[in-house]
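A.B. asks: Got a structure for you, written out below as structure tokens; questions coming shortly.
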Amino acid sequence: MSQAMADHVNVAQAGGYRKSAVMSTAMRRKDLRIPEKMQAWVLGGPDELALTEKPVPQPGVAEVLVRVDAVAVCGTDLEVISHGEPALIQGGMPFNKNFTPGHEYMGTVVKLGPGVDEFEIGERVAVEVHAGCGRCERCREGMYTACLNYGMNYGEHDKGHRANGFTTDGGFAEYAVNHVNTMVPVPEDMSDEEATLIVTAGTAIYGLDVLGGLVAGQSVVVMGPGAIGLMGAGVAKALGASPVILAGTRRDRGRLEIGRKLGADEVVNVSEEDAVAAVRRILRGKGAHYVLECSGAPAALNQAARMVSRGGRICLVAFPQEPVPVDVAHLVRNNIYVYGIRGEGRSATRRAAALMAQKRFPAKLIHTHTFPLAQVPTAIQYARERIEDAIKVVVRM
Ligand SMILES: [Zn+2]
Ligand SMILES: [Zn+2]
Numbered sequence: 003m004s005q006a007m008a009d010h011v012n013v014a015q016a017g018g019y020r021k022s023a024v025m026s027t028a029m030r031r032k033d034l035r036i037p038e039k040m041q042a043w044v045l046g047g048p049d050e051l052a053l054t055e056k057p058v059p060q061p062g063v064a065e066v067l068v069r070v071d072a073v074a075v076c077g078t079d080l081e082v083i084s085h086g087e088p089a090l091i092q093g094g095m096p097f098n099k100n101f102t103p104g105h106e107y108m109g110t111v112v113k114l115g116p117g118v119d120e121f122e123i124g125e126r127v128a129v130e131v132h133a134g135c136g137r138c139e140r141c142r143e144g145m146y147t148a149c150l151n152y153g154m155n156y157g158e159h160d161k162g163h164r165a166n167g168f169t170t171d172g173g174f175a176e177y178a179v180n181h182v183n184t185m186v187p188v189p190e191d192m193s194d195e196e197a198t199l200i201v202t203a204g205t206a207i208y209g210l211d212v213l214g215g216l217v218a219g220q221s222v223v224v225m226g227p228g229a230i231g232l233m234g235a236g237v238a239k240a241l242g243a244s245p246v247i248l249a250g251t252r253r254d255r256g257r258l259e260i261g262r263k264l265g266a267d268e269v270v271n272v273s274e275e276d277a278v279a280a281v282r283r284i285l286r287g288k289g290a291h292y293v294l295e296c297s298g299a300p301a302a303l304n305q306a307a308r309m310v311s312r313g314g315r316i317c318l319v320a321f322p323q324e325p326v327p328v329d330v331a332h333l334v335r336n337n338i339y340v341y342g343i344r345g346e347g348r349s350a351t352r353r354a355a356a357l358m359a360q361k362r363f364p365a366k367l368i369h370t371h372t373f374p375l376a377q378v379p380t381a382i383q384y385a386r387e388r389i390e391d392a393i394k395v396v397v398r399m
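Per the working numbering, residue 3 is the first one in the sequence shown, and the count goes up by one each step.
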């Protein structure tokens with residue numbers, strides 16, 4: 003086939019694809035009328051959620067209104083609902099402030115703010131949590147999850163910072179406003195439920211990114227097969243890491259099996275075998291190149307430090323509630339690097355969406371339960387108590 007002919011075929015295919023995308027967008031547009039009020043869950047006191055009516059929010063400059071189609075329950079939602087932190091509303095605890103939690107959502111663009119041409123009405127999008135202020139040093143570096151207009155100013159809207167479900171209203175509602183920078187298109191053949199997992203995979207990618215990024219042919223240990231850990235195993239494998247080792251407890255047996263399907267070459271049940279000894283056994287006495295710590299267990303950092311090789315790198319994604327003793331001498335003597343990340347910076351969500359669109363790992367395996375909006379408290383209970391081995395519980399509108 004000549005190059006001209008090949009181009010012609012490609013254009014024809016692209017045209018065909020475009021047409022079908024436009025058609026389904028038009029078809030979806032029908033039910034996009036926006037009411038004045040919406041149903042939204044709001045946080046009263048600790049562990050008190052109530053379904054109320056709120057005005058539908060209006061998008062400002064560089065923002066769109068998203069009709070929420072699905073929202074996943076995250077471990078951090080459970081923290082916010084019970085303890086308030088890390089949510090911060092008007093500089094204080096989020097209780098009794100008419101605040102709507104929920105940050106792992108996806109939906110359909112229904113209204114464009116002034117000047118928005120990055121998205122069109124009817125387009126399906128997944129969102130990431132943080133819109134940084136865009137004016138501080140960290141935001142300018144792409145580290146908008148560590149925006150400096152945070153702390154006293156965290157959530158100060160005049161500075162442009164917003165973190166939906168933390169400092170601004172989130173997705174346990176029918177509509178939410180999002181900055182265009184926080185949205186990624188969802189492919190037609192990806193389900194709403196799977197699309198809610200994009201931001202979770204984004205956090206895992208950000209962790210690997212901070213560790214150095216190019217993990218092909220290098221060993222990655224993921225500690226803790228929660229949603230982020232499982233995505234970490236999938237992403238590490240998709241990026242060519244070898245071997246990928248996933249460690250969890252006896253309670254996590256089902257999750258470790260899912261981890262295998264997502265891409266873990268080896269799984270370690272730390273209730274049966276010492277985690278450090280297991281990693282050393284699998285790597286024939288050597289340490290790992292990288293450890294992605296997603297368990298939050300108090301001993302995890304010290305264990306990770308003994309899993310990595312001299313000069314190895316550890317990224318902490320989860321953390322224990324209380325301060326813990328750390329063997330600093332071991333870290334220093336062995337030139338071990340330790341990183342902490344917050345959320346999903348440096349457009350990692352966009353890259354996660356690309357990997358998932360290419361079906362590089364079966365993310366949807368971690369979605370286990372679905373509930374309607376009216377049953378958010380039940381959804382939260384399933385996630386909190388891991389009822390029926392729940393991993394990702396999704397609320398669908
Ligand atoms: Zn989350
Ligand atoms: Zn900033």
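All C-beta atoms, glycine included, are put in the ideal place defined by N, C-alpha and C.
Excluding five sequence neighbours on each side, which residues of the same chain lie with their C-beta closer than 6 Å to the C-beta of Val112?
C.D. replies: For Val112, where only same-chain residues beyond five positions count, the Cβ hits under 6 Å are Leu34, Ile36, Leu67, Arg69.
A.B. asks: Touch check for the segment 79 to 90 and the segment 134 to 143: three-plus C-beta pairs under 8 Å?
C.D. replies: no
A.B. asks: Going by the beta-carbon positions, is the gap between Gln305 and Val278 smaller than 7 Å?
C.D. replies: yes
A.B. asks: Just to confirm, are Gly298 and Ala320 a CB contact at a threshold of 7 Å?
C.D. replies: yes
A.B. asks: Roughly how many angstroms separate the alpha carbons of Ala354 and Asp211, rounded to a whole number?
C.D. replies: 12 Å
A.B. asks: Please classify Ile207 as buried or exposed, where buried requires at least 16 other C-beta atoms within 10 Å of its C-beta.
C.D. replies: buried
A.B. asks: Span of the beta strand (DSSP E) holding Glu268?
C.D. replies: 268 to 271
A.B. asks: How should Ser2 be labelled, buried or exposed, when 16 other C-beta atoms within 10 angstroms of its C-beta is the threshold for buried?
C.D. replies: Since the first residue of the chain shown is 3 and the last is 399, residue 2 is not available in this structure.
A.B. asks: Might you give, ordered along the chain, the residues of its own chain that have their beta carbon closer than 6 Å to the beta carbon of Thr147, omitting 5 neighbours on each side?
C.D. replies: If we look at Thr147 and ignore the five residues flanking it on each side, its Cβ neighbours are His132, Arg344, Gly345, Gly347.
A.B. asks: Pick helix, strand or coil for Thr202, following the three-state DSSP scheme.
C.D. replies: helix
A.B. asks: At least one CB of chain C closer than 7 Å to the CB of Gly144: is that the case?
C.D. replies: Structure shown: chain C not included; a single protein chain is present.
A.B. asks: How is the beta strand (DSSP E) around Lys161 delimited, first residue to last?
C.D. replies: Unbroken run through Lys161: none, as it is neither H nor E.
A.B. asks: At a cut-off of 6 Å, would you count Thr78 as near ligand 1, judging by its Cβ distance to the nearest heavy atom?
C.D. replies: Within the cutoff, so yes.
A.B. asks: Using the Cα positions of Thr184 and Ala197, report the straight-line distance between them to the nearest angstrom.
C.D. replies: 14 Å
A.B. asks: So is Arg253 buried or exposed if we call it buried at 16+ other beta carbons inside 10 Å?
C.D. replies: Within 10 angstroms of the beta-carbon of Arg253 lie fewer than 16 other beta-carbons, which makes it exposed.
A.B. asks: Which term fits Asn151, buried or exposed, when burial requires 16 or more other beta carbons within 10 angstroms of its beta carbon?
C.D. replies: buried
A.B. asks: Can you check the segment 204 to 244 for any alpha helix (DSSP H) of at least 4 residues that lies completely inside it and give the ranges in chain order?
C.D. replies: 229 to 240
A.B. asks: Quick check: does the Cβ of Asn151 come within less than 6 Å of any heavy atom belonging to ligand 2?
C.D. replies: yes
A.B. asks: Roughly how many whole angstroms lie between the Cα atoms of Leu303 and Cys149?
C.D. replies: Computed Cα separation, rounded: 25 Å.
A.B. asks: Which stretch, first to last residue, makes up the alpha helix (DSSP H) that contains Tyr177?
C.D. replies: No alpha helix (DSSP H) contains Tyr177, which is instead part of the beta strand (DSSP E) from 177 to 181.
A.B. asks: Given Glu2, which residues of its chain have a CB within under 8 Å of its CB, disregarding the five upstream and five downstream residues?
C.D. replies: The structure shown has nothing for residue 2, since the chain only spans 3 to 399.
A.B. asks: Using 8 Å as the threshold, is the segment 311 to 325 in touch with the segment 105 to 119, meaning 3 or more CB pairs across them?
C.D. replies: no
A.B. asks: Tell me the DSSP bridge mates of Thr110?
C.D. replies: Arg69, Arg126
A.B. asks: Taking just the CA atoms, how far does Ala290 sit from Tyr339?
C.D. replies: 13 Å
A.B. asks: By Cβ distance, which residues of its chain are closer than 6 Å to Leu357, with the 5 residues on each side in sequence left out?
C.D. replies: Ala240
A.B. asks: Measure the C-alpha to C-alpha separation of Asp1 and Thr251 and round it to an integer number of angstroms.
C.D. replies: Past the boundaries of the shown model lies residue 1; the chain is included only from 3 to 399, so the question cannot be answered.
A.B. asks: Buried or exposed for Pro61, going by 16 or more other Cβ atoms inside 10 Å?
C.D. replies: buried
A.B. asks: Consult DSSP for Val118 and reduce its assignment to one of helix, strand or coil.
C.D. replies: Taken through DSSP and simplified to helix, strand or coil, Val118 comes out as coil.
A.B. asks: Would you check if the distance between the CB atom of His371 and the CB atom of Ala392 is smaller than 7 Å?
C.D. replies: yes
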